[in-house]
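Going letter by letter, the sequence shown gives residues 1 to 507 in full-length UniProt numbering. Below: the structure, in structure tokens.
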Amino acid sequence: MRYILKAYEMKMYDGDTIERIGIPSMVLMERAALSVIESLSERNLMPQKVLVVAGMGNNGGDGLAVGRLLAEKGAEVAFYMAGNPDKMTEETRRQLFILKNLGFSIQSKLELAEYDMVVDALFGIGLSRNVEGEYLTLIREMNRLGKKGAFLLSLDIPSGVCADTGRILGEAVQANLTVTFAYAKRGHFLYPGREYTGKLMVKDIGITESSFLKGRPGAFCYEKEDLHRLLPKRKPWGNKGTFGKVLLVAGSYDMCGACVLCGKSILRAGAGMVKIITPSCNRIILQETFPEAMLYTFEDKPHMEKVKNSLDWADVVVAGPGIGMGNGTKELMEYLLKDKRCPMVIDADGLNLLAAHQDLFELAAERGEGKLVITPHPGELLRLMKMDMEVYKEDREKLIFTLAKGLHCVVAAKDAVTLVAENGREEIYMNTSGNDGMATAGSGDALAGIIGGLLAQGMDCFFGACLGVYLHGLAGEEAAGKKGRYGMTALDLVKELPFVMTFYGPN
């Protein structure tokens with residue numbers, strides 16, 4: 001697990017390291033510069049001709065120090081500084097003093113020469129308004145040099161990217177590599193900032209969790225190394241009931257695939273048994289393509305006594321994929337929601353029913369904490385919230401927390417970067433796995449099934465949803481590696497799930 005910070009959090013931890021712990025700011029700056037050189041060495045990048053574009057803040061000081069260290073390695077380094085010298089920070093002023101004592105000069109006018117590498121140290125993580133004037137010109141010039149073949153290296157975050165939201169503040173540097181210090185920032189992962197970050201390297205400079213006294217970071221993500229401890233441990237003495245029984249309510253006349261994709265994901269995530277409630281039109285294809293599943297099929301509307309028996313049997317319920325909005329689905333969802341004994345995952349049409357019927361929404365909210373996970377894509381989330389896309393774009397995170405509070409649930413809000421929030425929990429999970437090949441029909445059904453399979457093995461709703469989202473993305477990466485992002489399907493993703501869990505898991 002690693003933390004993902006907002007700008008104010010990073011500044012708070014940086015300040016605590018300097019003031020309370022006692023590591024001088026110049027030491028942190030020098031360590032930051034050394035970590036950049038280390039990053040370049042790790043990637044076999046040792047440029048011969050370098051341009052450093054530095055601002056007056058501490059990000060500029062980092063850039064001056066990096067340029068000096070590159071010169072020590074034999075590079076020919078040119079320096080240009082932008083901004084009002086009266087606003088130069090003390091640390092940057094001292095770095096400039098060191099450079100001048102070593103015989104370096106600062107260009108009074110940017111020399112439009114050819115460079116192997118451009119070091120972007122114009123703005124750090126504190127930028128909050130659109131770039132303009134000389135700064136905009138410099139960003140455009142750096143990007144022009146990048147298009148001509150120069151390697152663009154950004155320090156901390158590409159200039160022009162908002163560190164908190166990933167928004168582009170006018171224009172931004174299109175970096176090949178970003179070296180950030182201590183912890184990753186949200187703008188590195190949230191689009192469109194993620195596209196500008198290039199390869200991201202996070203480097204330790206001496207700011208540690210000991211500085212979290214005033215509050216832990218508000219976001220975190222998982223890494224592959226975490227799976228060994230996160231995945232449910234298999235019990236050698238267990239039987240199929242030991243690993244959980246999942247009731248899947250899915251499919252309709254023209255949506256049998258949702259049953260297959262979601263049901264197979266439940267089992268491939270490790271659950272022991274799955275039972276599917278679906279219209280009888282799906283029986284034959286399910287028997288032929290999914291023999292592992294138990295079935296209860298119905299002609300017109302399900303017999304509620306049989307639904308009750310299935311609920312009594314289940315440890316977890318997954319409801320919604322492909323069920324449609326008619327033919328008794330409201331009554332079925334109402335019956336499922338009133339049974340509060342086991343956790344429930346609601347996806348797809350199940351969410352559309354909640355959005356369309358306030359009484360169902362209220363029933364879902366009454367299930368209580370730790371009993372409900374919902375997995376909306378942006379359209380479903382906005383229908384549930386009765387909001388439009390502009391509100392979503394403005395503050396997606398706030399919307400997600402508001403919905404989690406309204407339903408007393410866990411929200412796994414699907415998007416290019418899926419976020420997971422829980423009512424009453426301040427931290428949010430920010431997913432970093434996956435790719436655009438997963439934007440394909442049935443991918444959401446697979447996610448709902450993976451989460452359901454993990455909950456069946458005893459995981460709690462929040463961490464089960466976080467892990468499910470991460471595994472879903474990793475399986476998507478494996479599928480894309482074998483099939484390509486253009487042609488991969490949701491079933492390809494499902495087939496890769498056992499490999500991901502076995503390769504990185506505890507057994």
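We treat Cβ as the ideally placed atom computed from N, Cα and C, and that holds for glycine.
Distance between residue j and residue i (C-alpha atoms, nearest Å)
i           : j    : result
F463        : A32  : 33 Å
residue 508 : E390 : The requested residue 508 is not part of the displayed model; the chain covers only 1 to 507.
G484        : A456 : 32 Å
F189        : M201 : 12 Å
R396        : E132 : 27 Å
V274        : G263 : 7 Å
D116        : I157 : 20 Å
S35         : G370 : 42 Å
G55         : I21  : 28 Å
L363        : D339 : 10 Å
L152        : G368 : 50 Å
residue 513 : L213 : The requested residue 513 is not part of the displayed model; the chain covers only 1 to 507.
R234        : L336 : 29 Å
Y253        : V118 : 59 Å
E72         : P192 : 36 Å
L122        : A7   : 16 Å
E394        : E426 : 20 Å
residue 512 : A446 : The question about residue 512 has no answer here: the residues shown for the chain are numbered 1 through 507.
R216        : R144 : 40 Å
L230        : L384 : 31 Å
S280        : G251 : 10 Å
D415        : V345 : 18 Å
residue 512 : M304 : This structure gives no information on residue 512, because the portion of the chain shown stretches from 1 to 507.
H142        : G198 : The question names His, yet the displayed sequence has Met at residue 142. Those two C-alpha atoms are separated by around 15 Å.
S159        : D349 : 42 Å
Y392        : H377 : 12 Å
A75         : K224 : 37 Å
L40         : Y222 : 25 Å
L110        : Y80  : 6 Å
Per-residue DSSP class, three states only, for residue i
i           : result
L381        : helix
A32         : helix
S265        : helix
residue 518 : The structure shown does not extend to residue 518, since the chain is modelled only from 1 to 507, so the question has no answer here.
P85         : helix
K495        : helix
S433        : coil
T165        : coil
T137        : helix
K185        : strand
Y80         : strand
R2          : strand
A319        : strand
L70         : helix
E422        : strand
Pair within 9 Å by beta-carbon distance, residue i and residue j
i    : j    : result
M501 : G270 : yes
A82  : L138 : yes
M387 : L354 : no
I125 : A163 : yes
P321 : L399 : no
A448 : S265 : yes
N431 : V373 : no
C259 : I276 : yes
V316 : G244 : yes
P498 : L227 : no
R129 : L169 : yes
G328 : D347 : no
Element boundaries [beta strand (DSSP E), containing residue i]
i    : result
L45  : Neither: L45 is in no beta strand (DSSP E) and is coded neither H nor E.
S252 : It is not in any beta strand (DSSP E) - S252 carries neither H nor E in the DSSP assignment.
E223 : E223 -> no beta strand (DSSP E), and no H or E assigned at all.
K203 : K199 to K203
D120 : M117 to A121
F298 : M294 to F298
S154 : F151 to L155
Presumed contact (8 Å Cβ cut-off) between residue i and residue j, rounded CB distance
i           : j    : result
residue 509 : G437 : Summary: the structure shown does not reach residue 509, with the chain confined to residues 1 through 507, and so no result is reported for it.
I451        : A219 : Not really, about 20 Å apart at Cβ, beyond 8 Å.
A356        : L247 : Actually they do not touch by this definition, with Cβ atoms about 23 Å apart.
L155        : D62  : 5 Å
I205        : A182 : 6 Å
Where the alpha helix (DSSP H) through residue i begins and ends
i    : result
A465 : C461 to K483
S310 : M304 to W313
K405 : R396 to L407
F361 : Q358 to A365
M10  : A7 to D16
Y335 : T329 to K338
L454 : S443 to A456
K100 : E90 to N101
I285 : R283 to T289
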